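Data first, discussion second: the structure below is written as structure tokens.
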Amino acid sequence: MKVRFLAKKLYCDRRVRFLFVGCLNTAVGTGSDLFLRYLGLHYALSGALGTMIGTVHSYFWNKYFTYSQKKKSWREAGRFVLVYAAVYALGVLFQYFLIDRGGTDKYLAGILSAFVTTLVSYFGHTYFTFRQKREKAGEEREKKMEIRVADYIADFFVKNGITDIFSVPGGGAMHLNDALGHKEGLRVIYNHHEQACAFAAEGYVRATGRLPAVCVTTGPGGTNAVTGVMGSWVDSVPMFVVSGQVKFSVTVASCPEIPLRQLGDQEFNILDCVRCMTKYCAMVVDPRTIRYHLEKALYIARHGRPGPVWLDIPLDVQAAKIRVSELTGYDESEDKAQLPPKPDTAQLEELLSRIAAARRPVILAGEAIRMTGTADKLEKLAEKLKIPVVTAWNAHDLLPDDNPCYCGRPGTVGTRGGNIVVQSSDLLLSLGCRMNLRQISFNYENFAKNAFLAAVDIDRAELDKPTLHVDMKIHADIREVLDELLALPYLGGRHADWLAHSRAMNEKYPAVLPEYYRKKSPVNPYVFVYELSRLLPEGQVTVTGNGSACVCSFQAMVIRKGQRLFTNSGSAAMGYGLPAAIGAAFACRGKEVVCLEGDGSVQMNLQELQTVVHHRLPLKLFWLNNDGYHSMRQTQSNLFGGRFSGVDEQSGISFPSAEKIALAYGIPYFLIDNTETMGEILGKVLHAEGPVLCEAVLDKTQFFAPKLSSRVFPDGRIISPSLEDMYPFLPAEELKEDMEG
């Protein structure tokens, strides 16, 4: 083994290879000279030819063996001849001075001449002929390719377009913090809670479609982020989380045969916690697999049904040195089976035929259209088919209100007109909407009860779930389906009257009723969000928390071209609005963002106001003061006869002064507590530079309306009405007339 190692080391040394080629060329040149003399050539001619053969032989051996040059170059060959001629002349002159002038023994002179000419020849060919840098420089370059895993991760993010990281630093992620925080091309936004990091990352993606990353530490750092990851999981929002971990040798994963709860300091096996809410999660145990894990995680997060991915990286792995050239990459074919099939053209042709033949076809447009960047194609499809389009919960910004095909916002707390349109349809085409219970109601057996239901979804499981009766299951990517539907011929149907009736239903039942304006103070929440939305420009990004912030906004806000309006639907976590708006503000890079958050919800991540102040984000926070947890107030009023628990100060919980909070954080404060001055103050808030906190004192006696109102029976059963039968209830005859058109 030692002999083989020594041989390999000698072979890798360029100087040894050069000497070997020199000896070989001497043998070839001398051998050629002797052979030509043997053939009868004059010694002068044979010597010249032998020298030429040796020179050509030397050039090719040095080019391909000594210096490993592959590119063909006549200039290089010319430089080689010049060096060779110069070395030959130097050898002659050197021997002349040693022998003829110095009287040196000719054998000694030959040895000295060979040493000098070999040295000059080596440096001449190295730095002139083949223009190689010093071997030491090459070694330094090779050494630079040995980088820390944490730095490789930072490089990977930049190369793949991930430019923003939301993070709370911690000891378990110290190398990640160092690498990400000092990498050119990366911006690390430091939050004050890991949950806020995850919410901010989600808001960032929703606002622009670009993917950020989240970096947290071990133990509570990871568990704090879980709620945000769960929300992204159920709402199909991609997210890339990297977490620090203790050294692998002191993780419970290092000794799986022992049922330990914890081994390292602050250690927690986060992967077991997030496996059910991520598309891919792994602990990077071998530093040499980091490229594979990063590439796989990024691909999986973005392809198929999007969602979060999580890599847990122990401290010793973060700090480990790796050679980039030795890393193994990820082959996308590993996960191709998870991608949906291509759309069935025959099936889509049948769908278009059914739409043309239907009397009352409707499109239910879902959030997948937004997440895939195909909102413009939805508008083109609506224009082509000329049938009513209703927007799903969290997808209301897909069509502006003035689009001629826009016909409402159905759902359990949607618009009455939108629900009537869906429930009276005879064909419902769901495009990228998973039709959750908030959308179709708990009385899901009666959802679109008279309609042929066709649904497009990238996730087959969503088409097969027991709460739906899908007649035509189109398991495909919404992007490809929309492309095909736009390309296929459509003979058209006679739907003008149906479209006119659908629009009339939404005009007949507006979300904001005239009587809402009668009470001047406190302000009706529907009046507030409606009047605010009328002042917002095209392209405005509005982020809401949950409860009144989203329900009233989603029902009543006017949507203009290019505007964004979103919250998290599947998780509907309190405390979402402010950090998600922060993420949106960073994604929009200087563009103003509006955030609506309830006085109860905002407490969950109130600390993030300092993040707003630190970065002077142009964020307008509307603090909706309805004296507590208004959603729970309504639930307890409806189901428990007004026996309140933990909804306001009288029932056990109180809330701080918004004005004092604004003062503490140094944020300009405005107050809206009546309709007469509301317009003026809204104008000041929206035109103010930098962050603003505006408290809106809202009427807590205004419950969500319209909405599905469940009934409690003496045996404890809770029954929800059909989607069209919203509270306040319409007279039966009027509802029947609306449904029949």
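Everything in the sequence shown is counted per the numbering used here, starting at -15 for the first residue and increasing by one.
Just so it is clear, CB atoms sit at the ideal spot from N, CA and C, and this is done for glycine as well.
All values reported here derive from a predicted model rather than from experimental measurement.
(request) Determine the burial state of Glu126: buried for a count of at least 16 other Cβ atoms within 10 Å of its Cβ, exposed for fewer. (result) Confidence at Glu126 is low in this model, with a pLDDT of 45, below 50, so its placement is unreliable and the value that follows should be read with caution. Under this definition Glu126 is an exposed residue.
(message) Please list the terminal residues of the continuous beta strand (DSSP E) segment that includes Asp441.
(response) Run containing Asp441: Phe436 to Asp441, per the beta strand (DSSP E) assignment.
(request) Would you kindly work out how many angstroms separate the C-alpha atoms of Ala157 and Cys181, rounded to a whole number? (result) Taking the Cα positions, Ala157 is about 15 Å away from Cys181.
(message) Looking at the strands, I want to know which residues DSSP matches up with Thr526.
(response) Leu549 and Val578
(request) With a cut-off of 8 Å on the beta carbons, I'd call Phe431 and Leu707 a contact; round off their distance for me. (result) 6 Å
(message) Using 8 Å as the threshold, is the C-beta distance between Tyr174 and Pro153 below it?
(response) yes
(message) Quick check: what's the CA-CA separation for Asp448 versus Val142?
(response) 39 Å
(request) Determine the contact status of Pro271 and Val301, defining contact as a CB-CB distance below 8 Å. (result) yes
(request) Just list the alpha helix (DSSP H) runs in the region 563 to 631, keeping only unbroken ones of 4 residues or longer that don't cross its boundaries, in chain order. (result) 593 to 599 and 614 to 623
(request) Note down, in chain order, each residue of its chain lying with its Cβ closer than 7 Å to the Cβ of Glu279, except the 5 sequence neighbours on either side. (result) Gly313 and Tyr314
(message) Tell me the rounded alpha-carbon separation between Ala435 and Leu412.
(response) 6 Å
(message) Are the CB atoms of Ser693 and Asn622 within a distance shorter than 8 Å?
(response) yes
(request) Tell me, please, whether the region 190 to 201 touches the region 242 to 249 by the rule of three or more beta-carbon pairs shorter than 8 Å. (result) no
(message) Assuming Arg444 is part of the alpha helix (DSSP H), what are its boundary residues?
(response) Arg444 to Asp448
(message) Using the Cβ count rule (16 or more neighbours within 10 Å means buried), how would you classify Tyr111?
(response) exposed
(request) Determine the extent of the beta strand (DSSP E) in which Tyr136 is found, giving its start and end residues. (result) Not the beta strand (DSSP E): Tyr136 falls in the alpha helix (DSSP H), residues Val133 to Lys143.
(message) By the three-class DSSP mapping on this structure, what secondary structure does Met(-15) have?
(response) Per-residue confidence for Met(-15) stands at a pLDDT of 38, beneath the threshold of 50, marking its modelled position as unreliable; the derived number appears in the next sentence. DSSP places Met(-15) in coil when its eight states are reduced to three.
(request) Classify Cys534 as helix, strand or coil using the three-state DSSP reduction. (result) helix
(message) I'd like to know whether the C-beta atoms of Val213 and Pro298 end up nearer to each other than 8 Å.
(response) no
(request) Rank Arg548, Lys545, Glu367 and Met558 by C-alpha distance to the C-alpha of Ala533 and give the top, closest one. (result) Met558
(request) Measure the beta-carbon distance from Leu369 to Tyr474 and round it to whole angstroms, keeping in mind my assumption that it falls under 8 Å. (result) 7 Å
(message) Please return the same chain residues whose Cβ sits closer than 7 Å to the Cβ of Lys691, not counting the five positions on each side in sequence.
(response) Thr396, Val397, Met710 and Tyr711
(request) Starting from the Cα of Val308, find the closest Cα among Asp139, His287, Val258 and Phe183 and give me that residue. (result) Asp139
(request) Please check the pair Lys492 and Gly402, which I expect to be a contact at CB under 8 Å, by giving their CB distance rounded to whole angstroms. (result) Their Cβ separation, rounded to whole angstroms, is 12 Å, which puts Lys492 and Gly402 out of contact at 8 Å.
(request) Go ahead and label Lys545 buried or exposed: buried means 16 or more other beta carbons lie within 10 angstroms of its beta carbon, across all protein chains shown. (result) exposed
(request) Apply the 10 Å Cβ neighbour rule to Val258 and answer buried if 16 or more other Cβ atoms are within range, or exposed otherwise. (result) Looking at its Cβ environment, which holds 16 or more other Cβ atoms inside 10 Å, Val258 is buried.
(request) Return the CA-CA distance between Leu295 and Arg286, expressed in angstroms with no decimal places. (result) 15 Å
(message) In this structure, how does DSSP classify Trp45 when only helix, strand and coil are distinguished?
(response) helix
(message) So, at 6 Å on beta carbons, what are the nonlocal neighbours of Tyr613 in its own chain, with the 5 sequence-adjacent residues on each side left out?
(response) Gly584 and Val631
(request) Say whether chain C places a C-beta atom closer than 8 Å to the C-beta of Val218. (result) In summary, chain C is missing from the structure at hand, where a single protein chain is found.
(request) From the DSSP output, in three-state form, read off Asp148 for me. (result) strand
(request) Determine the DSSP secondary structure at Ser482, reduced to helix, strand or coil. (result) With the sequence shown as reference, residue 482 is identified as Trp, and Ser is not the correct amino acid for it. Of the three classes helix, strand and coil, the one that applies to Trp482 here is helix, per DSSP.
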